[in-house]
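Trainee: This is the structure, below, for whatever I ask next.
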Amino acid sequence: TRSLADTDPDLMQAVTSELGRQRDEIELIASENIVSKAVMEAQGSVLTNKYAEGYPGRRYYGGCQYVDVAENLAIDRAKELFGCGFANVQPNSGSQANQGVFTALLQPGDTILGMSLDAGGHLTHGARPNQSGKWFNAIQYGVTRDTLLPDYDQIEALAKEHQPKMIIAGGSAIPRILDFARMREIADMVGAFLLVDMAHFAGLVASGDYPSPFPHAHVATTTTHKTLRGPRGGMILTDDEAIAKKVNSAIFPGIQGGPLMHVIAAKAVAFGEALQPGFKAYQKQVIANAQALADQLMKGGLDIVTDGTDTHLMLVDLRPKGVKGNDTEKALGRAHITCNKNGIPFDDEKPTITSGIRLGSPAGTTRGFGEDEFRQIADWIVEVVDGLAANGPDGNEAVETKVRTEVEALCQRFPIYPEL
Ligand code: PLP
Numbered sequence: 012t013r014s015l016a017d018t019d020p021d022l023m024q025a026v027t028s029e030l031g032r033q034r035d036e037i038e039l040i041a042s043e044n045i046v047s048k049a050v051m052e053a054q055g056s057v058l059t060n061k062y063a064e065g066y067p068g069r070r071y072y073g074g075c076q077y078v079d080v081a082e083n084l085a086i087d088r089a090k091e092l093f094g095c096g097f098a099n100v101q102p103n104s105g106s107q108a109n110q111g112v113f114t115a116l117l118q119p120g121d122t123i124l125g126m127s128l129d130a131g132g133h134l135t136h137g138a139r140p141n142q143s144g145k146w147f148n149a150i151q152y153g154v155t156r157d158t159l160l161p162d163y164d165q166i167e168a169l170a171k172e173h174q175p176k177m178i179i180a181g182g183s184a185i186p187r188i189l190d191f192a193r194m195r196e197i198a199d200m201v202g203a204f205l206l207v208d209m210a211h212f213a214g215l216v217a218s219g220d221y222p223s224p225f226p227h228a229h230v231a232t233t234t235t236h237k238t239l240r241g242p243r244g245g246m247i248l249t250d251d252e253a254i255a256k257k258v259n260s261a262i263f264p265g266i267q268g269g270p271l272m273h274v275i276a277a278k279a280v281a282f283g284e285a286l287q288p289g290f291k292a293y294q295k296q297v298i299a300n301a302q303a304l305a306d307q308l309m310k311g312g313l314d315i316v317t318d319g320t321d322t323h324l325m326l327v328d329l330r331p332k333g334v335k336g337n338d339t340e341k342a343l344g345r346a347h348i349t350c351n352k353n354g355i356p357f358d359d360e361k362p363t364i365t366s367g368i369r370l371g372s373p374a375g376t377t378r379g380f381g382e383d384e385f386r387q388i389a390d391w392i393v394e395v396v397d398g399l400a401a402n403g404p405d406g407n408e409a410v411e412t413k414v415r416t417e418v419e420a421l422c423q424r425f426p427i428y429p430e431l
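Every letter in the sequence shown is one number past the one before it in the UniProt record's numbering, and letter 170, counting from 1, is 181.
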């Protein structure tokens, strides 16, 4: 009955400080968002106490009648949101959703074809240090040098040469719309499964602002915490009954034990929110804001990979200013603008340094920023970057302090979690 503040002041202090950080900083990490109070309530509920191995109506534990309601709500809402016949809402993360699909459809040693990390793919799509790169014969495709868009001709050539059992579309730093029909055509040529990992743009698919992976994908995975604005977690979707059966066995008992029922309840809440009309307006604003940010950054002398974005994210090429991604991430952090360094395609710098940063609009849009605010943010970024360019890696302290003060004033005009 005692509160966290009473029982564990050290931990409480960390939570309070994190709330303060989120309130006072502009969050531009493309994979983050700000969930509703309702999502947090579900995630902080008594459902965390419950073991529920199995699936609704067929559990290995008693007393599951209420968590069954929660999981069924999550499943039904997910199917409605994405217009498909099956959803497994149990994966604990996006990585485990992908691992679940691999467990369902592949054998160790099979060949997979995914986008390389340095072109914008994700670790779980066959990168060397990841299990997907160790347990499978992972072939990687990239983008073309002239367009910086996925190289579909290369994908086709690699597919014909290596005969993969699965082709993966999607990634973590792809600003433009993917051609799922072409990917499926290639998959069909070689008899491969097409997996679409829509972790980044799932919210845009749900609102109709990005093409659906279906009917092209045999199976799709996503995280639930990025544009979808739910709790941290993953999900697997398909329209194919045989694949659905294999996916259920792969997640449990294949790779997971008891599902996180409190997180699944929070997924249900978030999916319910995404079915409301306001979610469509939100996602349209997410894209408009990203485009305003990209446009204003280019006016300030920075390059944007592919000259803009169709989505919530962009890759900023810092080379016109002669600064590095790691230094820029730190300098912007000192000015209370949070982002991550990110390699750009064909980057000559190491992943720990990089020539780019990745920026996204979902979190800022949730707190109410519109295009005017995002143009202002672009101007601040350019000021800080110009300070770095003129003064070296330590930046210009006066500029960073001035920007931080202005950033904090903007954040106060758009408060988050006022009730906490
Ligand atoms: N797939 C893609 C495309 C991602 O961008 C991410 C997260 O960054 C993941 C999978 C993995 O999600 P998680 O971090 O929840 O394991």
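C-beta: ideal position from N, C-alpha, C; glycine also. Bear in mind the structure is a predicted one, so any value in this text is a computation, not a measurement.
Taking only the alpha-carbon atoms, compute the straight-line gap between GLY65 and SER260 and give it to the nearest angstrom.
Mentor: About 9 Å.
Trainee: Kindly identify the DSSP beta-bridge partner or partners of ALA170.
Mentor: BP columns for ALA170 are empty, so no partner.
Trainee: Is it the case that the stretch 177-184 contacts the stretch 196-214, given that we only count it when at least three CB pairs across the two stretches are under 8 Å?
Mentor: They touch, by the three-pair rule.
Trainee: If you drop the 5 nearest sequence neighbours on each side, which residues of the same chain put their C-beta closer than 6 Å to that of residue 455?
Mentor: Past the boundaries of the shown model lies residue 455; the chain is included only from 12 to 431, so the question cannot be answered.
Trainee: Buried or exposed for PHE282, please, with buried defined as at least 16 other CB atoms from any protein chain shown within 10 angstroms of its CB.
Mentor: Result: buried.
Trainee: Between which two residues does the alpha helix (DSSP H) harbouring ASP199 extend?
Mentor: From DSSP, the alpha helix (DSSP H) with ASP199 extends over 191-201.
Trainee: Can we count SER183 as close to the ligand PLP, meaning its CB is less than 6 Å from some heavy atom?
Mentor: Yes - the ligand PLP has a heavy atom lying nearer than 6 Å to the Cβ of SER183.
Trainee: Near ALA149, which residues of its chain fall below 7 Å by C-beta distance, leaving aside the five closest residues on each side in sequence?
Mentor: Answer for ALA149: ILE123, GLY125, GLY137, SER143, listed in chain order.
Trainee: Between MET246 and VAL100, how many whole angstroms is the CB-CB distance? I'm expecting something under 8 Å.
Mentor: Yes, they are in contact, since the Cβ atoms of MET246 and VAL100 sit about 5 Å apart, within 8 Å.
Trainee: Do MET272 and ALA63 count as a contact pair if the criterion is CB distance below 7 Å?
Mentor: Yes.
Trainee: Within 10 angstroms of the Cβ of ALA89, are there 16 or more other Cβ atoms? Answer buried if so, exposed if not.
Mentor: Burial call: buried.
Trainee: For the beta strand (DSSP E) that ALA400 lies in, which residues bound it at each end?
Mentor: That residue, ALA400, is in no beta strand (DSSP E); its alpha helix (DSSP H) goes 382-402.
Trainee: Can you confirm whether the stretch 322-338 touches the stretch 293-310 when touching is taken to mean that 3 or more C-beta pairs between the two stretches lie within less than 8 Å?
Mentor: Output reads yes: the stretch 322-338 touches the stretch 293-310.
Trainee: Just list the residues that DSSP pairs LYS352 with in beta bridges.
Mentor: DSSP, once it has assigned bridges, lists ILE368 as partnering LYS352.
Trainee: Only counting runs of 3 or more residues, tell me where the beta strand (DSSP E) segments fall wholly within the stretch 219-303, in order along the chain.
Mentor: Correct list: 230-234, 245-249.
Trainee: Which parts of the stretch 77-129 are runs of the alpha helix (DSSP H), unbroken and 4 residues or longer, counting only runs that do not cross its ends?
Mentor: Runs found: 105-116.
Trainee: Which residues in the same chain have their Cβ closer than 7 Å to the Cβ of TYR72, if we skip the five residues on either side of it in sequence?
Mentor: Contacts found: TYR62, ALA63, GLU64.
Trainee: Since ALA85 and ILE275 are thought to touch, with beta carbons under 8 Å apart, how far apart are those beta carbons, to the nearest angstrom?
Mentor: 5 Å between Cβ atoms; contact.
Trainee: Find the nearest neighbour of VAL154 within the set LEU189, PRO67, ARG139, LYS171, judged by alpha-carbon distance.
Mentor: It is LEU189 whose Cα lies nearest to the Cα of VAL154.
Trainee: Can you check whether the CB of ASN353 is closer than 7 Å to the CB of GLY367?
Mentor: In contact: GLY367 and ASN353 (Cβ atoms closer than 7 Å).
Trainee: Using the DSSP secondary-structure output, state which residues sit across from ALA420 in a beta bridge.
Mentor: Answer by DSSP bridge pairing: none, since ALA420 is not bridged.
Trainee: Since LEU313 is in the alpha helix (DSSP H), which residue starts that stretch and which ends it?
Mentor: Element bounds for LEU313: n/a, residue is neither H nor E.
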